[in-house]
Structures are given as C-alpha cells and as structure tokens.
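Trainee:
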Amino acid sequence: MLFRSEEALKRFDQALERINVLKDKVNTQILKMEARKLNVQPAKDLVLKAETKVLEAKQKVAEASKILASTSGELSKENKAKLIALTQETQALVKEAHRSLQDAIKYLKSIAIKPIPTTDTTTENVDSVKQ
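Heads up, the sequence shown is in our numbering, so the first residue is 53 and it goes up one at a time.
Put into structure tokens, the structure is as follows:
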C-alpha cells in the first residue's frame, strides 16, 4: 500500500507541474491579448481560480506525504482512510484547476477570433498627402 500511495503522490506532483506549465502558457497569451487592448479579465479570473486549486492540491499532497513519512510499514485503518480522502480531494482539485485553465483558453480563443474594430485612416492620410 505504501508503494502505491507514494506513486500516486508522484503522479499528482507531475500533474501539478503540467498544470503550472499550462498556466504559464495561458498567462503569456493573456499578456499578448492585453497588449492588443482586449478584455482578458475573465481569463485572468479563471487562471487565478486555477492557481488557488493548485495551491490547495499541493497542500493535500504535502499532508498525504506527511502521513506516509510518519508511517513505518503498514498503514493503520485511520491513516489509510485519511490517505484515500486526501487523494480523492487532490484529484478533484487537479481536475478543477485543469478545467479552469481550459475555460480560460476557450475564452481567449473566442476573443481572438472576433475582428478588432479599426478606423480606416489610411485613405484619409493618402488624400491629405495628394493635396
């Protein structure tokens, strides 16, 4: 049981690392779209929500690691129940964080597709140069 629990914690750490990489990519796109004067606040809010979920998940993983570290040999029923609850909570948090980032990506794609209203000043400039 200990080995499987340690492997599960390792997988959670890897998943959280991948989510952080995705979060960094989304933040990069937010900055680019902000430079284009697009409203990216909903995406920022979703990224903040994802960051919160990641921090909570990291706390759960640390708590589970502490239980595993304090246990030598077999887990007691109480510790086993705690570990199961922590892993389920962590899994839910990881999914929520990922879902928030997916929603942020969808939002950014939707505003990137919309045409940016431009003023047609090129013809005005050309006309004034001719005179």
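C-beta atoms are modelled at their ideal positions from N, C-alpha and C, and glycine is treated no differently.
Quantities reported herein were computed from a predicted structural model and do not represent experimental measurements.
Alpha helix (DSSP H) containing residue 89: first to last residue?
Mentor: Segment: none, residue 89 is in no alpha helix (DSSP H) and carries neither H nor E.
Trainee: Could you give the C-beta distance for residue 77 and residue 152, rounded to a whole number, given that I count them as a contact under 8 Å?
Mentor: So it is not a contact: roughly 14 Å between Cβ atoms.
Trainee: Just mark residue 75 as buried or exposed, buried being the case when its beta carbon has 16 or more other beta carbons within 10 Å.
Mentor: It is buried - the Cβ of residue 75 has at least 16 other Cβ atoms within 10 Å.
Trainee: Hey, out of 101, 85 and 118, whose CA is closest to residue 161's CA?
Mentor: Ranking 101, 85 and 118 by Cα distance to residue 161 puts 85 first.
Trainee: Helix, strand or coil, according to DSSP, for residue 123 in the structure here?
Mentor: DSSP places residue 123 in coil when its eight states are reduced to three.
Trainee: Using only the alpha-carbon positions, how far apart do residue 132 and residue 83 sit?
Mentor: Each residue's Cα considered, the two are about 44 Å apart.
Trainee: Are the CB atoms of residue 95 and residue 156 within a distance shorter than 8 Å?
Mentor: Yes, Cβ-Cβ distance for residue 156 and residue 95 is below 8 Å.
Trainee: With DSSP collapsed to three states, give me the class of residue 57.
Mentor: Residue 57 falls in the helix class under three-state DSSP.
Trainee: Do residue 135 and residue 112 have their C-beta atoms closer together than 8 Å?
Mentor: No, these two residues do not count as a Cβ contact at 8 Å.
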